Each structure stands twice: as C-alpha cells, then as structure tokens.
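Right, one structure below, let's go through it.
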Ligand SMILES: Cc1cc2nc3c(=O)[nH]c(=O)nc-3n(C[C@H](O)[C@H](O)[C@H](O)COP(=O)(O)O)c2cc1C
C-alpha cells in the first residue's frame, strides 16, 4: 500500500507498545513517520522508532531541519492517516481544545486526513469527566477512537485504560485507509428521532425512538464522502459535526424542514419515527386535573414519506417500517403505496431490535421485490450495510 501514516507516540507506560505498532504498520506495507513527544522520549528511545520506521523521528518543533521544509505541515500533508498510539489524556485534551504547542499537537492540527487516537491511561484518568468530555467532543468532530481495554494496568489498578492490542489498532487503521468514498458528490437527506406533539405547555405525545439509526446512517454517509443534511427530532445524541443539522420538534416542523431540503437531495432516508397523530387542540394553559377524565381528540399528521414519493424526481427514497406485527406484508405495502425505492423493516418486538437499543435486525426490501435479511448487529455497522444496498440499487437503475 503506497500510503504514509504519521504515528504519534505520547508519554505513557504504553509508549513501548508503540514500537510493536510501528513494526506492524511497516509490515503492512505502509510508510511510517514517527513523531514523539518529549514525555514519550522519557519512556522509550527515539532510536527504536528510527530503526523500525527506517527514517528520522520528529521530536522538536524548533530543531534545525535537515531540509528547508516546515515539518509539521509537510508531514501532515503527506500523511493519509494519523495514528496516536498510545494517546495520553494530555494529547486528547490539547487536540480537543485546539492547542498546538509542540511538534505532535501542531502536526495533528494541520492534518487533513483521518486522525485515530488509541488512548492508554490509568482507569481513574480515563473515567475523569474532563477526559470523557474531550473524547466525546473529538468524536463528534469526526476523530476516531479505539477504546482502551479492561484489565490489570501498569499502575497496579484494575479497569479500563490499557492500550488496545497493537494488531487491533493496526487493523482498525487499515480499515479507515480502505474506507470507500462511494458517495462523493451525493447529498443525503436523513431524518431521525421521534417527533413531539404538544398537548399543553408542559406535555406532549411522542415515542421511544432514540435517533440512533438515523445518526448512524448520517455518520456512515459522511465517512463515505457524502454531504449530509440531518433533520432530527429531540434526541440525546450529538449530531455529527460535518452534517448540516436542523432540529425540529413536531411532525409539521419536520415536514417543513424536509420539503425545503428535498429538491437538492440525491438520497433521502426517512429513519425518523414521526407521530401519526397530534392533539387537535393545544391548550395554551397547563391542563388541570380538577376537570375529571380528559378526552383528547387527535388529528392525523401529514404523511411526509407519501408526499415525497409523489414529488420524487432524481431522489432515491428509502423508508423505514417499524412494525410489531405482519412485518413483511406491512413493509411491502408501504414500499408500494408510498412509491419508495427501498424499505428497511424491523420487528420492534424482537429482542435487541428497534427503539432505544444499540443494535437492530432488519429486512431490506427493494422496489424490484428483492429481499435481504440482515442478522442482529450494531446500528453503525448496519448503516454501512444499508448504504451498500443503496449502491447496489443505484447500479441496477
Ligand atoms: C511513570 C509515568 C507514567 C505515565 N503514564 C501515563 C499514561 O499511561 N497515560 C497518560 O495519559 N499519562 C501518563 N503519564 C502522564 C504524562 O506523561 C503527562 O501527562 C505528560 O504531560 C504527557 O505528555 P504528552 O502528552 O506530551 O506525551 C505518566 C507519567 C509518568 C511519570
């Protein structure tokens, strides 16, 4: 593989494992350039990395360069990928706050390609809310993280914080390098989450949708080179940083946002769980319980997916069907009636499937009647499978 990886080594006990990672990267056919922090150099000698990578190791920002290029910029440009392994709490914190005060942090800041952190630290450090917030922020900005493992730590503690296995880190990096960019130039319109239909100023009707499937699809589409417009009901998730994000509450707001974005979209995935009904009257005052039983009249919400099916031109339209009975029949009917190109159906009563869980098990049906069943898997993994099906469908038209 004719690609260059910049390997950043930071100052923790696991710095010595960086040598094994360097060796495995070279063995995979990658060109490796190593940058060590000052703290890392207190743990292992740069000579080890010079020998393993077959080149000079970057140590100081202001060392006299061998050639007159600005090293942090030229290495950042040359690198197809950055790997910081082990990554200290310090480098994670600095990157999340935009601090560039040494060669490694400055080069990371100049990086255009993917950056992967493999953290390693004491369990209390790893669990510190500040560290966790920094990780969450960086993840939302598109940085990759390889979770540390649990076990006996060098400091004598027991818990999560041990650097992931070198082979696992290298395998992850190779996967990132091989990431398909098969949606470059395509615009996705993805909806996610529930809607909230107000009854009075403090109450609403909603459902258990967590938004995870839609957000996973947005992430996958971005990683595969697409532009993503994400329209989301209220959920507890951070939208991917690079998505164009619109937050909505009600089905009517969702309809407005979707119709506005629809003309520009190439692929529309409606993963939101839009309420079918809304209270006909919204009380301006909080409804009091003194009035005895409460009878609420519900009014039908617009069928957004059906409307899109009628308006559809270049757009490839994908719907979701969350059913608790007669899954195949209901999903196939929806596909036909709403003029969809594909429907992703899931039985929300199946264990590990549907709302509020990290996993899903679905059946994908296309307009041509092809059926594909996917086993239970993480929603993020399933998102890629659904995108693969979209590619297959596009090729067949
Ligand atoms: C013996 C020893 C072990 C350390 N191990 C870790 C570690 O595993 N993870 C970590 O985040 N910091 C660790 N530290 C603290 C870092 O070395 C310190 O935060 C340093 O400023 C990191 O600098 P760097 O991120 O520029 O490499 C350790 C410090 C010492 C003295």
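In the numbering used here, the protein residues as written are 314 to 710. Note that CB positions come from ideal geometry on N, CA and C, so glycine has one too. Bear in mind the structure is a predicted one, so any value in this text is a computation, not a measurement.
Residue i beta carbon near ligand 1 (any heavy atom closer than 6 Å)
i, result
"residue 434", "yes"
"residue 440", "no"
"residue 404", "yes"
"residue 423", "no"
"residue 361", "no"
"residue 326", "yes"
"residue 350", "yes"
"residue 392", "no"
"residue 559", "no"
"residue 398", "no"
"residue 353", "yes"
"residue 401", "yes"
"residue 323", "yes"
Per DSSP, cross-strand counterpart(s) of residue i
i, result
"residue 505", "545"
"residue 673", "690"
"residue 500", "540"
"residue 590", "613"
"residue 475", "462"
"residue 516", "513"
"residue 659", "635"
"residue 428", "395"
"residue 400", "432"
"residue 685", "677"
"residue 630", "581"
"residue 569", "In DSSP, residue 569 forms no bridge with anything."
"residue 560", "545"
"residue 344", "317"
Three-way DSSP call (helix, strand, coil) for residue i in this model
i, result
"residue 491", "coil"
"residue 470", "coil"
"residue 374", "coil"
"residue 595", "coil"
"residue 456", "coil"
"residue 322", "strand"
"residue 349", "strand"
"residue 327", "helix"
"residue 618", "helix"
"residue 625", "coil"
"residue 701", "helix"
"residue 441", "coil"
"residue 423", "coil"
"residue 357", "coil"
"residue 410", "coil"
Residues near residue i in its chain [Cβ-Cβ closer than 8 Å; skip 5 each side]
i, result
"residue 356", "324, 325, 326, 328 and 329"
"residue 535", "455, 541, 553, 555 and 556"
"residue 332", "357, 361, 362 and 365"
"residue 457", "427, 428, 429, 430, 485 and 489"
"residue 527", "503, 504, 505, 506, 543, 545, 582, 584 and 585"
"residue 690", "672, 673, 674 and 698"
Cβ shell of residue i (< 7 Å), same chain only, five flanking positions each side left out
i, result
"residue 645", "678"
"residue 611", "590, 591, 592 and 593"
"residue 587", "508, 564, 567, 614 and 617"
"residue 599", "513, 514 and 515"
"residue 359", "349, 370 and 372"
"residue 448", "405 and 458"
"residue 464", "475"
"residue 686", "676"
"residue 413", "419 and 422"
"residue 335", "320, 345, 347, 362, 365 and 366"
"residue 480", "337"
"residue 483", "334, 337, 338 and 341"
Own chain residues within Cβ distance below 6 Å of residue i, not counting five before or after
i, result
"residue 619", "651"
"residue 680", "654"
"residue 578", "500, 502 and 628"
"residue 522", "506, 507, 586 and 668"
"residue 352", "324"
"residue 468", "435"
"residue 344", "317"
"residue 722", "The structure shown does not extend to residue 722, since the chain is modelled only from 314 through 710, so no value can be given for it."
"residue 339", "345"
"residue 511", "517 and 595"
Any non-hydrogen atom of ligand 3 closer than 6 Å to residue i Cβ
i, result
"residue 435", "Of the ligands this structure carries, namely ligand 1, none is ligand 3."
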